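Right, one structure below, let's go through it.
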Amino acid sequence: MTTTLNQLTGDYVLDAARTRIGFVARHRMATRVRGRFDVFEGAVHLDGDDPARSSAQLTIRADSIETGDRRRDAQLRKDFLDAATHPIITFISTKVSQVGSSAFEVTGDLTIRGITHPVTVPFELVSTPVGDIAFAAALTIERARWQVNWNAFTTALVSPTVVLDLQVFVAA
1 MTTTLNQLTG DYVLDAARTR IGFVARHRMA TRVRGRFDVF EGAVHLDGDD PARSSAQLTI
61 RADSIETGDR RRDAQLRKDF LDAATHPIIT FISTKVSQVG SSAFEVTGDL TIRGITHPVT
121 VPFELVSTPV GDIAFAAALT IERARWQVNW NAFTTALVSP TVVLDLQVFV AA
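Counting from 1, one number per residue, gives the positions in the sequence shown under UniProt numbering.
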(Lines of atoms letter the chains of each structure in order from A; the text may use other names.)
(Lines give C-alpha, C1' and ligand atoms only; values in the text may rest on other atoms or scores of the structure.)
Protein backbone atom coordinates (compact mmCIF):
# COMPACT_ATOMS: atom_id res chain seq x y z
CA MET A 1 0.00 0.00 0.00
CA THR A 2 1.44 3.36 -1.01
CA THR A 3 0.80 6.32 1.25
CA THR A 4 0.72 9.84 -0.17
CA LEU A 5 0.74 13.05 1.82
CA ASN A 6 -2.65 14.14 0.52
CA GLN A 7 -4.10 11.12 2.37
CA LEU A 8 -2.60 12.35 5.63
CA THR A 9 -3.99 15.11 7.75
CA GLY A 10 -3.78 15.19 11.49
CA ASP A 11 -1.54 15.09 14.50
CA TYR A 12 0.97 12.29 14.99
CA VAL A 13 3.65 11.35 17.51
CA LEU A 14 6.99 9.72 16.78
CA ASP A 15 6.94 5.97 17.17
CA ALA A 16 10.01 5.68 19.41
CA ALA A 17 10.21 1.90 19.03
CA ARG A 18 10.78 2.14 15.27
CA THR A 19 12.24 5.61 14.72
CA ARG A 20 16.03 5.84 14.46
CA ILE A 21 17.92 9.07 15.00
CA GLY A 22 21.45 8.23 13.98
CA PHE A 23 24.66 9.93 12.96
CA VAL A 24 27.95 9.21 11.24
CA ALA A 25 31.17 11.09 11.98
CA ARG A 26 34.35 10.48 10.05
CA HIS A 27 37.56 10.07 11.99
CA ARG A 28 40.64 11.39 10.15
CA MET A 29 42.19 7.94 10.50
CA ALA A 30 39.73 6.83 7.75
CA THR A 31 37.19 5.22 10.06
CA ARG A 32 33.59 6.14 10.57
CA VAL A 33 31.95 6.33 13.95
CA ARG A 34 28.27 5.47 13.81
CA GLY A 35 25.88 6.13 16.62
CA ARG A 36 22.37 6.99 17.61
CA PHE A 37 20.27 8.74 20.21
CA ASP A 38 18.03 6.37 22.15
CA VAL A 39 15.74 8.74 24.10
CA PHE A 40 13.62 11.22 22.19
CA GLU A 41 10.07 12.32 21.57
CA GLY A 42 8.42 14.33 18.91
CA ALA A 43 5.21 15.31 17.20
CA VAL A 44 4.18 16.05 13.66
CA HIS A 45 1.18 17.87 12.29
CA LEU A 46 0.55 16.85 8.69
CA ASP A 47 -1.72 18.79 6.38
CA GLY A 48 -2.18 16.77 3.19
CA ASP A 49 -4.15 19.52 1.48
CA ASP A 50 -1.60 22.25 2.23
CA PRO A 51 1.83 20.81 3.22
CA ALA A 52 3.05 24.33 4.08
CA ARG A 53 0.74 24.17 7.11
CA SER A 54 2.49 21.03 8.37
CA SER A 55 4.91 21.22 11.30
CA ALA A 56 7.26 19.09 13.37
CA GLN A 57 9.09 19.21 16.67
CA LEU A 58 11.67 16.88 18.17
CA THR A 59 13.33 16.69 21.58
CA ILE A 60 16.35 14.43 22.12
CA ARG A 61 18.07 13.64 25.41
CA ALA A 62 21.73 14.46 24.76
CA ASP A 63 22.92 11.89 27.30
CA SER A 64 21.20 9.10 25.34
CA ILE A 65 23.97 9.08 22.71
CA GLU A 66 25.25 5.57 21.97
CA THR A 67 28.11 4.45 19.73
CA GLY A 68 28.82 1.02 21.17
CA ASP A 69 31.89 2.18 23.10
CA ARG A 70 31.15 3.19 26.73
CA ARG A 71 34.30 5.29 27.12
CA ARG A 72 33.70 7.19 23.86
CA ASP A 73 30.01 7.66 24.77
CA ALA A 74 30.97 9.15 28.14
CA GLN A 75 33.37 11.55 26.42
CA LEU A 76 30.78 12.55 23.82
CA ARG A 77 28.23 13.26 26.57
CA LYS A 78 30.68 15.27 28.69
CA ASP A 79 33.13 16.97 26.36
CA PHE A 80 31.32 17.25 23.04
CA LEU A 81 27.64 17.66 23.93
CA ASP A 82 28.04 18.97 27.51
CA ALA A 83 24.88 17.00 28.34
CA ALA A 84 25.01 17.93 32.04
CA THR A 85 24.59 21.63 31.19
CA HIS A 86 22.57 21.20 27.97
CA PRO A 87 20.48 18.05 28.50
CA ILE A 88 18.30 18.38 25.41
CA ILE A 89 18.72 18.82 21.68
CA THR A 90 15.69 20.26 19.92
CA PHE A 91 14.38 20.82 16.43
CA ILE A 92 11.32 23.00 15.85
CA SER A 93 10.11 23.49 12.30
CA THR A 94 9.47 26.95 10.93
CA LYS A 95 8.58 26.07 7.33
CA VAL A 96 7.58 23.00 5.31
CA SER A 97 7.79 22.94 1.52
CA GLN A 98 6.78 20.15 -0.82
CA VAL A 99 9.50 19.86 -3.49
CA GLY A 100 8.39 16.64 -5.21
CA SER A 101 5.60 14.09 -5.14
CA SER A 102 6.99 12.57 -1.93
CA ALA A 103 9.85 14.98 -1.15
CA PHE A 104 9.74 17.78 1.41
CA GLU A 105 12.10 20.36 2.82
CA VAL A 106 11.52 21.00 6.50
CA THR A 107 13.27 24.14 7.69
CA GLY A 108 13.58 24.76 11.39
CA ASP A 109 15.69 25.71 14.36
CA LEU A 110 18.16 23.09 15.58
CA THR A 111 19.44 23.68 19.12
CA ILE A 112 22.51 21.83 20.37
CA ARG A 113 24.48 22.89 23.48
CA GLY A 114 22.08 25.82 23.87
CA ILE A 115 23.08 27.20 20.45
CA THR A 116 20.36 27.56 17.80
CA HIS A 117 20.86 27.69 14.04
CA PRO A 118 18.41 27.18 11.18
CA VAL A 119 18.72 24.01 9.10
CA THR A 120 16.75 22.58 6.19
CA VAL A 121 16.16 18.85 6.29
CA PRO A 122 15.27 17.05 3.03
CA PHE A 123 12.63 14.47 3.99
CA GLU A 124 11.19 11.77 1.78
CA LEU A 125 7.80 10.17 2.50
CA VAL A 126 8.62 6.47 2.39
CA SER A 127 6.13 3.79 1.40
CA THR A 128 6.02 0.72 3.60
CA PRO A 129 4.39 -2.63 2.83
CA VAL A 130 1.72 -2.15 5.49
CA GLY A 131 1.01 1.53 4.85
CA ASP A 132 2.85 2.96 7.85
CA ILE A 133 3.68 6.65 7.81
CA ALA A 134 7.45 6.88 7.54
CA PHE A 135 9.94 9.54 6.52
CA ALA A 136 13.66 9.31 5.77
CA ALA A 137 16.25 12.07 5.74
CA ALA A 138 19.97 12.69 5.83
CA LEU A 139 21.49 16.04 6.72
CA THR A 140 25.12 17.10 7.02
CA ILE A 141 25.88 19.63 9.74
CA GLU A 142 29.09 21.40 10.75
CA ARG A 143 29.92 20.60 14.39
CA ALA A 144 31.64 23.95 15.00
CA ARG A 145 28.42 25.91 14.41
CA TRP A 146 27.07 24.35 17.62
CA GLN A 147 30.46 24.18 19.39
CA VAL A 148 30.34 20.38 19.38
CA ASN A 149 34.04 19.95 19.89
CA TRP A 150 36.37 19.09 22.69
CA ASN A 151 39.76 20.61 21.93
CA ALA A 152 42.18 21.40 19.11
CA PHE A 153 43.38 17.80 19.01
CA THR A 154 39.91 16.46 18.25
CA THR A 155 39.37 19.24 15.72
CA ALA A 156 42.30 17.78 13.80
CA LEU A 157 41.22 14.14 14.20
CA VAL A 158 37.45 14.28 13.71
CA SER A 159 35.82 15.55 10.53
CA PRO A 160 34.21 18.98 10.93
CA THR A 161 30.94 17.56 9.61
CA VAL A 162 28.52 14.97 10.95
CA VAL A 163 25.80 13.30 8.91
CA LEU A 164 22.47 12.98 10.70
CA ASP A 165 20.48 9.98 9.48
CA LEU A 166 16.77 9.95 10.31
CA GLN A 167 14.32 7.10 9.83
CA VAL A 168 11.09 8.42 11.31
CA PHE A 169 7.86 6.51 11.89
CA VAL A 170 4.80 8.34 13.17
CA ALA A 171 1.54 7.08 14.67
CA ALA A 172 -1.79 8.75 15.35
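Built from N, CA and C at the ideal position, the CB exists for glycine as well.
For clarity, every value in this text was computed on a predicted model and none was experimentally measured.
- In this structure, the beta-carbon distance from Arg-18 to Gln-147 does not fall below 9 Å.
- For Ala-134, the enclosing beta strand (DSSP E) covers residues 133–142.
- The segment 53–72 and the segment 81–90 touch, with three or more beta-carbon pairs separated by less than 8 Å.
- Ranked by Cα distance from Ser-64, the first of Ser-54, Arg-77 and Arg-72 is Arg-77.
- Judged by beta-carbon spacing, Val-96 lies within the 9 Å limit of Ala-56, meaning their Cβ atoms are closer than that value.
- Under the three-state reduction of DSSP, Arg-28 is assigned to coil, being neither helix nor strand.
- Closest by C-alpha distance to Val-121, out of Thr-94, Ile-115 and Arg-143, is Thr-94.
- Taking a 10 Å sphere around the C-beta of Ile-115, we find fewer than 16 other C-beta atoms and assign the residue as exposed.
- The three-state reading of DSSP puts Ala-74 in helix, counting H, G and I together.
- As a beta-bridge residue in DSSP terms, Phe-40 pairs with Ile-60.
- Taking Ala-43 as the centre and dropping the five residues before and after it, the same chain places the C-beta of Asp-11, Tyr-12, Val-13, Leu-14, Ala-56 and Gln-57 closer than 8 Å to its C-beta, in chain order.
- Residues Val-121 and Leu-164 of the same chain have their beta carbon placed closer than 6 Å to that of Leu-139, with the five preceding and five following residues left out of the count.
- Ala-84 counts as exposed, since fewer than 16 other beta carbons sit within 10 angstroms of its beta carbon.
- Judged by DSSP in its simplified three-state form, Gln-147 adopts coil rather than helix or strand.
- Around the CB of Val-99, fewer than 16 other CB atoms lie within 10 Å, so the residue is classed as exposed.
- Looking from the CA of Arg-53, the closest CA among Asp-69, Glu-105 and His-27 belongs to Glu-105.
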